[in-house]
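Heads up: the sequence shown at position 145 corresponds to 145 in full-length UniProt numbering, and the numbers run straight through without jumps.
We put the CB at the ideal spot given by N, CA and C, even for glycine.
For clarity, every value in this text was computed on a predicted model and none was experimentally measured.
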Amino acid sequence: NGSPSGMNNFKRQCPTGRISKEEFQNIYSKFFPESDADTYAKHVFRSFDTNDDGTLDFKEYIIALHMTSTGKTTRKLEWAFSLFDVDKNGYITKSEVKEICTAIFKLIPKDELSSLADDENTAEKRADKLWNFFEKGENDRVAEGEFIQGVLDNDDALRLIQYSPSK
Ligand SMILES: [Ca+2]
Ligand SMILES: [Ca+2]
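Here it is, written out as structure tokens:
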């Protein structure tokens with residue numbers, strides 16, 4: 001939303017006016033000191049870098065903040081769609097779901113893995129469970145509207161597309 005506090009925060013974290021992928025990964029790893037956030041951060045960076053130039057500028061940063069924190073649910077889900085659409089072709093495939101689930105799994109600290117439900121305690125199982133919500137075949141693809149609807153219709157899907165630290 002371009003607020004002054006957002007601007008100051010950005011300037012402090014990023015005096016050059018741009019954030020590189022490495023800087024972004026460093027910021028992310030501070031939020032997840034007990035796990036490996038690099039892969040997930042790489043995907044988030046890609047979803048924020050809308051002009052594909054390999055850096056985040058202030059505008060991309062503000063849009064990202066808005067979409068991921070203060071945005072309405074559909075806005076957040078539009079962002080989630082772009083996170084899962086690894087090759088940016090406008091559709092999500094099952095292998096893309098697996099790729100993001102794998103990245104999410106690396107975020108989960110080891111001591112939390114043991115408390116996960118049997119049908120979602122590996123990246124593979126989590127991807128299978130998530131994919132089933134879209135009622136598609138193995139080789140089908142999910143468009144943005146179908147993705148958003150599928151997640152809105154299933155609380156479990158909303159939970160499975162993200163990872164929120166438990167502490
Ligand atoms: Ca950019
Ligand atoms: Ca895709």
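For Asp-49, the distance from the CB to the nearest heavy atom of ligand 1 is below 6 Å.
Non-local C-beta neighbours of Glu-34 in its own chain, meaning closer than 6 Å and more than five positions away in sequence, comprise Pro-109, ordered along the chain. The beta-carbon distance between Lys-94 and Ala-127, rounded to whole angstroms, is 7 Å. This is short enough to meet the 8 Å contact definition. Arg-75 and Met-67 have their alpha carbons spaced roughly 6 Å apart. Across the set Gly-137, Asn-132, Asn-139, the C-alpha of Asn-132 shows the shortest separation from the C-alpha of Ile-161. Judged by DSSP in its simplified three-state form, Ser-115 adopts coil rather than helix or strand. Distances from the CB of Glu-60 to the heavy atoms of ligand 1 include at least one below 6 Å. Nearest C-alpha to Arg-18 among Leu-116, Gly-54, Tyr-28, Gly-150: Gly-54.
Glu-96 counts as buried, since at least 16 other C-beta atoms from the protein chains shown sit within 10 angstroms of its C-beta.
Between Ala-123 and Leu-107, the alpha-carbon positions lie close to 11 Å from each other.
Around the CB of Phe-31, fewer than 16 other CB atoms lie within 10 Å, so the residue is classed as exposed. Assignment of Tyr-91 by DSSP, reduced to helix, strand and coil, places it in the strand class. Around the C-beta of Glu-135, fewer than 16 other C-beta atoms lie within 10 Å, and the residue is accordingly described as exposed.
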